[in-house]
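Protein chains in written order, with this note's numbering: chain A, 1 to 317; chain B, 318 to 698; chain C, 699 to 1187.
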Amino acid sequence: MIFGLVDIVSIAFWATLLAAGVRLAVSVGMAALGEMINERAGVLNLGLEGVMLIAGFAGFAASFESGSPWLGLGVGFIIGGLVGALFAFLVVILRADQVVTGLALTLFGIAFTAFLNREIYGGGSTPPRAPKPGVWEIPILKEIPIVGEGLFSQSHVVYLAILITVLLIVYLRRSYWTIVLDAVGEEPRAADAAGHSVVAVRFVATVVGSSLAGLAGALLIVGQLGFFNTDIIAGRGFIAVAIVIFGRWRPGGVALGALLFGVLDALQFRFQTLDTAIPFEFFIALPFAVTLIAVAFGAKNAREPSALAVPFFRETE
Amino acid sequence: MIVDDSNVARDPEPPVAGFIRRLFHRGMESGIAIVVGSVVAGLLVGAILILWAGENPLNVYRVIFTESLLKGSGWRGTLLQATPLGIIGLGLAFSFRAGVWNIGAEGQLIVGTVAAIAIVGAISDLPGYIVIPVGMLTAMVGGAAWGAISAYLHVKFEVNAVIATLLMVFIAIPLLNWAVRVPFKDPASFLPQSRTVGNGALPEIFNTNVHIGVLAFFVLVPVAAWVMNYSRFGYLVRGHGANRYAVYANESRPGRLPFVLLALSGSLAGAAGFIQLAGVQMRVGSGTAAGFGFTAIIVAILGRNRPIGVFFAAIGLSAMLVGAEAAQRLLGLPVALTQSIQPIIVMFVVAGEALRARALKREGEREAAIVASQLRSEVQT
Amino acid sequence: MPLNDADTPAITVAGVSRHFGLIQALTDVSLECHYGEILAVLGENGAGKTTLMRILAGLDRASSGQLFKRSEPYSPHSPRDAVNAGVTLVQQHFALVPTMTAAENILLFRSQRRLRTTRDKAASDLEALSTRLGFKIDVDKPVGEMSVGARQRLELLRALDSDPDVLLLDEPTAVLTDAESDSLLEIVRSLAHDDNRSIVFITHRLREVVKVADRVVVLRNGKVVVPAAPVDQRTAAELASEMVGSEVHDAIRTPQIIGKPRLIVDSLTTSEVGPISLTVHEGEVLGIAGVEGNGQTELERVLIGARHCTGGRVRFGEIDLADIPPRRRIASNIAYIPSDRERTALVGPMRCDENLLLGRTTRLARRHEKAKTLMEQWSVLGLPESVANTLSGGNAQKLVAARELESHPELILAFQPTRGLDPGATAFLRQVLLDMTAFGSAVLWVSADLDELLAVTDRIVVMYSGSIAGEFKQPFDRGAVGLAMAGIA
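Okay, structure coming up:
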């Protein structure tokens, strides 16, 4: 009897935890997939956080003004690409330092969205709310124990994110473009000799990666929260960069890393409300600490693209 | 080009013109021109944003300038903010110059400050000449230790330095919140904040309302400049930044210098935290760090990782922030606007540097080829 | 020999010049190559051979002059243009992505949309092609895990994938053993004579020219010194003097009286190499021969203390070399000339005088005057305040030699000290290293160039797949050393 009760409690606990984990993994996972694409072409974008903020804010404004969260997601995707094009112009075409440019982009995103939010929406403590996409409960499937709630009773944006992730995994495994992408990130001279433009491939990869990061910002702000606040991404962009390392530059690994982070994040929220002897701040720090440790143990065996953050010069230049 | 130059040098030239020409040449060579140009470009972009926000850019920039640099209170505010920014910036300049990306100064400052208040809070009744050095030392050790954790992950586990230092910030922030909520909370206060530093407060410089920490910053700048340019350590730092493998093959073992630099810049971040605590804030609260650690990254980059440059960048950025606060007070223009101009300036700087590097390389190769052919003909004759 | 002299030439180079800034790489070069013919372009390092190939393959453009393909004007702007015109290049440095499989690498080079296929199709094409040429290749193995010989064959297959009628080979045998290069040359010969392709073959190895080429052009300092002539009308000795010119006299070693042991490597092992045992004596030059990638880099890293060994010892007097930091190594008066020059020898963006301080105890304040005398002494063509990466390869290596050898070191660890240098600098470096033995220095000289080692060393040990495959004393038996390098001892 007692064991039965404990079982039910723990199954319910794990089911809700997984559901929340999937929800929390969506945004960071999408950003990490985007970053993975530009890193595989040899471009390190530490401006991810800034892209997520700028695109997320733009998406929120579009959603708020039009009343359509789907428009907001689309705007986030496009603005992400545009900001990515600016970043790519600086680091791929002018060959500016990728680390500094990326950090500047992040700092710019934080301050600039705070400024816009204040100018347009007052920047108060009770921000205006935009409508969110609905929830789609898939009958029967959602009754599956533990995973049912997590996978089949979620907001539309979660399905969108899962769909994009699956498409990316399949596409990257099959397509010709993957070969070119990896060649540009590993051995740009070989790609150049094969007649592919290293600069063009890097530019496109950065724009695509940044579009996905923009979508990631919009997924969180438009799709899940429905409001904007200063610095609302709160380090998730950098977590995404870490997840790429953890996932060893493979879409499956990255998705898994994002899910792990999401579950940790969910666990953190859960523990915060429990009255334990451990201070709740510990749980706030936990996802970051675990990510750091996971990266530390993964980093030695994970081989980053050889030309990551190395600008390409033709020998005759 | 080079051949022409030697002809010009033989022409009689008034000393003033020669001085200006050399100054200009030196400016171009050291890249100061890029920074100045970038600041101008950044302010122009800012002007567009200000116009959009419905203000007159000239008026706003005038307010920012006069309120931060001309008025007495503004001057003091500028110096007080420039001090922590500059001290952290000096540490980061060494780190960045060596190519070690310490992005976690914010966390190192937080941990240094928390460590300092833990000790100072307990001994705040002792005389200042004991409390201040003890507090300073604790803050530096705390900051260095936090930097050393990142360094350990970076050196031993090969975690990217940016990730290793940055994620530690997100661990330091909850640590700070807990520290002022539970163990070091002032029992007399309702807010989550620590006791005051008591006798640990930094003395003023002759009734100027400016604490001696500012003096420490002014002294530190030439010392750092000397170390960077004329000491063996500075030589290694510069060499490591330019080609770390050559340093590892001929000087010290891999990882040793990054470790030292992360600990060093961490200790300076801790020192800045203590100066801010004992000179301005008097207590630790959850808003203690206030982004100094991140703004200092901009300071180091605008100072082009050179101590003298860091000095001017710290004063300049601090003035911008103080002026921006005045502009918010007087004109209702958000501080965030000024904060978004700063990274724009940084982007202009890195873009300019990239273009200049290419031009310099080309010119350097030309010059070297000419020198080689001259020397060859000398050898033959 | 099916020479189709009556036909129009497959490829014609007419008065091509190329300069980089003030450096004249090619001056008024003209040559032509017919179908079914192998034309060798012979020249020393820095003679302009590679620049010529890069222009033909669309990787670089001529400053002046013209190219013709079957007497049509031909001016490729990119490698893709060249491939479309039926011209492909096999590069000296592998243009392959090490993390990808052979099939994926082939696919990478099918850059035109109409040529793109699945990985499986590329793999089967590759297998079919390699079978036809008479060798096997593992199409699903990452290229990084293949032997250098296999990589060179893959590189050839890659170039043949687009079925070109003109094939350019840039030192294709540089990293191969004698046996491996013989079998490659056999394939090259059949590609020309049986498939009727036109092959331009760049090399500085006379042996290969004599063996495989139909005609030969000799380049020196970017100029054609001997226009194309049938190979069988020239002797190897003639070609050698034409290639090198009269200005360079190479150092030839006369055996020295050998002193006490200085460096003793005693059954050294790491996770990848070993066991290695060797001894270098006072005043002796010990050569380590071997094709690159047979453990020389690993040995280098152990000797300079950058890698721990799992067994054995490296003794220099009382010191265990494998265990000391760089500064102690330098303080013990051991010189080190690294194989990876750009990465470990110099700090490129720093000034020459600062580079001369690296690892030394000279005070910073004295660097300029010190550098001035040193650079004059070692005839480094540059100023103390010049930035090191603006120096030419030869001058940069002289700067390294000045820093390392100035103190008359007791032990000199020289790894590929002359690789890629122009003839003048090569001769200079060889001479100063040999001169050092007169002061009692012990020299460990690692080189992939067997001819160099035969000329300058007292003894040679051969490394093959991580361990010692043979030891040879003067007078050397070239054939025996070559067999040991191929692992047939």
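Built from N, CA and C at the ideal position, the CB exists for glycine as well.
Computed from a predicted structure; not experimentally measured.
Rounded to the nearest angstrom, what separates Leu737(C) and Val199(A) at their Cα positions? The count along the third sequence starts at 1 and reaches residue 737(C) at position 39. The count along the first sequence starts at 1 and reaches residue 199(A) at position 199. If you take the alpha carbons of Leu737(C) and Val199(A), they lie about 36 Å apart.
Only counting the same chain, and skipping five residues up and downstream in sequence, which positions put a Cβ closer than 7 Å to that of Ile753(C)? Residue 753(C) sits at position 55 when you count from the first residue of the third sequence. These residues qualify, in order along the chain: Val714, Arg716, Arg759 and Ala760.
Should Gly626(B) be flagged as near chain C, meaning a C-beta pair shorter than 9 Å? What you label residue 626(B) is simply residue 309 of the second sequence in a count that begins at 1. False, the Cβ-Cβ gap to chain C never drops below 9 Å.
Tell me, please, which residues DSSP counts as bridged to Trp1143(C). The sequence position of residue 1143(C) within the third sequence is 445, counting from 1. Assignment of beta-bridge partners to Trp1143(C) by DSSP yields Gly985(C) and Ala1112(C).
State the Cα-Cα distance for the pair Gly124(A) and Arg118(A), rounded to the nearest angstrom. Taking the first sequence and counting its residues from 1, one reaches residue 124(A) at position 124. Taking the first sequence and counting its residues from 1, one reaches residue 118(A) at position 118. Going by the C-alpha atoms only, they are around 8 Å apart.
For Arg913(C), three-class secondary structure by DSSP: Looking up residue 913(C) in the third sequence gives position 215. Strand.
Tell me which residues of the segment 602-619 of chain B have at least one Cβ-Cβ distance to chain A shorter than 8 Å, keeping chain order. Identification of residues in the segment 602-619 of chain B having a C-beta nearer than 8 Å to some C-beta of chain A yields Phe611, Ile614, Ile615 and Ile618, given in sequence order.
Please state whether DSSP places Phe155(A) in a helix, a strand or coil. Counted from its first residue, the first sequence places residue 155(A) at position 155. In the sequence as presented, Phe is not what sits at residue 155(A); that position holds Ser. Here DSSP, grouped into helix, strand and coil, assigns Ser155(A) to strand.
What residues match up with Ser715(C) in a beta bridge as DSSP calls it? To locate residue 715(C), count along the third sequence from 1; it is residue 17. Looking at the DSSP assignment, Ser715(C) forms a beta bridge with Ser762(C).
Answer with yes or no whether the minimum CB distance from Arg851(C) to chain B is below 9 Å. For the purposes of this step, residue 851(C) is taken as residue 153 along the third sequence, with counting starting at 1. Closer than 9 Å: no.
Assuming Leu867(C) and Val788(C) make a contact with CB atoms under 8 Å, what is their CB distance in whole Å? The count along the third sequence starts at 1 and reaches residue 867(C) at position 169. The count along the third sequence starts at 1 and reaches residue 788(C) at position 90. Leu867(C) to Val788(C), Cβ: 5 Å. Contact.
For the structure I just gave you, are there three or more beta carbon pairs, one from the segment 18-35 of chain A and one from the segment 236-244 of chain A, closer than 8 Å? Flag = yes, the segment 18-35 of chain A and the segment 236-244 of chain A touch.
CB-CB under 7 Å to Ala481(B), same chain, minus the five flanking residues each way: which ones, in chain order? For the purposes of this step, residue 481(B) is taken as the residue at position 164 of the second sequence. Within the same chain, Cβ atoms closer than 7 Å to the Cβ of Ala481(B) are found at Ser467, Leu470 and His471, the five residues on either side in sequence being excluded.
Mind checking which residues open and close the alpha helix (DSSP H) that includes Lys747(C)? As a first step, residue 747(C) must be located in the third sequence, where it is residue number 49. Segment Lys747 to Leu754, the alpha helix (DSSP H) holding Lys747(C).
Hey, how far is the Cα of Asp1038(C) from the Cα of Glu1052(C)? What you label residue 1038(C) is simply residue 340 of the third sequence in a count that begins at 1. What you label residue 1052(C) is simply residue 354 of the third sequence in a count that begins at 1. Rounded to whole angstroms, Asp1038(C) to Glu1052(C) spans 19 Å at the Cα level.
Given Thr268(A), which residues of its chain have a CB within under 8 Å of its CB, disregarding the five upstream and five downstream residues? In the first sequence, the residue the question calls residue 268(A) occupies position 268. Reading off the sequence shown, one finds Gln at residue 268(A), where the question assumed Thr. Taken in chain order, the residues that qualify are Phe283, Ile284, Leu286 and Pro287.
Can you tell me where the alpha helix (DSSP H) holding Gln810(C) begins and where it ends? Taking the third sequence and counting its residues from 1, one reaches residue 810(C) at position 112. Counted as a single uninterrupted DSSP element, the stretch harbouring Gln810(C) is not any alpha helix (DSSP H), since DSSP gives it neither H nor E.
Could you give the DSSP three-state label for Ser603(B): helix, strand or coil? Indexing the second sequence from 1 puts residue 603(B) at position 286. In the three-state DSSP reduction, Ser603(B) falls in the coil class, being neither helix nor strand.
Excluding sequence positions up to five away, which residues of its chain have a Cβ less than 6 Å from the Cβ of Val554(B)? Counting from one through the second sequence, the residue named residue 554(B) turns up at place 237. Cβ neighbours of Val554(B) beyond the five flanking positions: Phe411, Arg414 and Ala415.
Would you decide whether Val204(A) is buried or exposed? Buried here means 16 or more other CB atoms lie within 10 Å of its CB. What you label residue 204(A) is simply residue 204 of the first sequence in a count that begins at 1. That one is buried.
Counting C-beta neighbours from all protein chains within 10 Å, is the total for Gly784(C) 16 or more, i.e. buried, or is it exposed? As a position in the third sequence, residue 784(C) is number 86, starting the count at 1. Gly784(C) should be labelled buried.
Hey, how far is the Cα of Asp973(C) from the Cα of Ala1184(C)? Numbered from 1 along the third sequence, position 275 holds the residue referred to as residue 973(C). Numbered from 1 along the third sequence, position 486 holds the residue referred to as residue 1184(C). Just to set this straight, residue 973(C) is Pro in the shown sequence, not Asp. Straight-line measurement puts the Cα of Ala1184(C) at about 18 Å from the Cα of Pro973(C).
At 7 Å on the CB atoms, spell out the chain B contacts of Gly1057(C), in chain order. Here the question's residue 1057(C) lines up with position 359 in the third sequence. One finds Asn567 and Glu568 in chain B with Cβ atoms closer than 7 Å to the Cβ of Gly1057(C), taken in chain order.
Taking a cut of 8 Å between CB atoms, which residues from the segment 177-198 of chain A lie near chain C? Along the segment 177-198 of chain A, going in chain order, the ones with a CB nearer than 8 Å to a CB of chain C are Ile179, Val180, Asp182, Ala183, Glu186, Glu187, Arg189, Ala190, Ala191, Asp192, Ala193, Ala194, Gly195 and His196.
Just the C-alpha distance for Asp182(A) and Pro311(A), rounded to the nearest angstrom, thanks. As a first step, residue 182(A) is located in the first sequence; it is residue number 182 there, counting from the start. As a first step, residue 311(A) is located in the first sequence; it is residue number 311 there, counting from the start. So the two alpha carbons sit approximately 15 Å from each other.
Considering just the uninterrupted stretch of the beta strand (DSSP E) at Thr1071(C), what are its terminal residues? Against the third sequence, residue 1071(C) aligns to sequence position 373. Not the beta strand (DSSP E): Thr1071(C) falls in the alpha helix (DSSP H), residues Arg1065 to Gln1075.
Just by C-beta distance, which residues in the segment 544-561 of chain B are closer than 8 Å to chain C? Answer set for the segment 544-561 of chain B: Tyr547, Ser548, Arg549, Tyr552, Arg555, Gly556, Ala559 and Asn560.
If Leu917(C) and Gly741(C) are in contact, beta carbons under 8 Å, what's the gap, nearest whole angstrom? Here residue 917(C) refers to the residue found at position 219 when the third sequence is read from its first residue. Here residue 741(C) refers to the residue found at position 43 when the third sequence is read from its first residue. Right, the Cβ-Cβ distance comes to about 4 Å (below 8 Å), so this counts as a contact.
Could you compute how far the alpha carbon of Ile490(B) sits from the alpha carbon of Leu1054(C)? For the purposes of this step, residue 490(B) is identified with residue 173 of the second sequence, where counting begins at 1. For the purposes of this step, residue 1054(C) is identified with residue 356 of the third sequence, where counting begins at 1. Here the C-alpha atom of Ile490(B) lies approximately 46 Å from the C-alpha atom of Leu1054(C).
Limits of the unbroken alpha helix (DSSP H) element including Pro509(B): Stepping through the second sequence from its first residue, residue 509(B) is reached at position 192. Element bounds for Pro509(B): n/a, residue is neither H nor E.
Measure how close the beta-carbons of Ile1110(C) and Val1141(C) come, nearest whole angstrom, since I'm counting them as under 8 Å. Taking the third sequence and counting its residues from 1, one reaches residue 1110(C) at position 412. Taking the third sequence and counting its residues from 1, one reaches residue 1141(C) at position 443. Rounded, the Cβ-Cβ distance is 5 Å, consistent with contact.
Drop a sphere of 10 angstroms on the beta-carbon of Gly832(C), count the other beta-carbons inside from all chains shown, and report buried for 16 or more, exposed for fewer. Counted from its first residue, the third sequence places residue 832(C) at position 134. Burial is judged here by how many other beta carbons sit within 10 angstroms of a residue's own beta carbon; Gly832(C) has fewer than 16 and is exposed.
Check this for me: beta carbons of Val207(A) and Ala307(A), under 9 Å apart or not? Here the question's residue 207(A) lines up with position 207 in the first sequence. Here the question's residue 307(A) lines up with position 307 in the first sequence. Not in contact: Val207(A) and Ala307(A) (Cβ atoms no closer than 9 Å).
For Lys958(C), which three-state DSSP category applies? Here residue 958(C) refers to the residue found at position 260 of the third sequence. Coil.
Can you find the residues in the same chain that come closer than 8 Å, C-beta to C-beta, to Leu874(C), ignoring five residues on each side of it along the sequence? Mapped onto the third sequence, residue 874(C) falls at position 176. Within the same chain, Leu874(C) has close Cβ partners Val846, Gly847, Gln850, Leu882 and Val989.
For chain C, find out if any of its Cβ atoms is closer than 9 Å to the Cβ of Arg621(B); answer yes or no. Residue 621(B) sits at position 304 when you count from the first residue of the second sequence. Under the Cβ distance rule, Arg621(B) does not count among the residues neighbouring chain C, no pair being separated by less than 9 Å.
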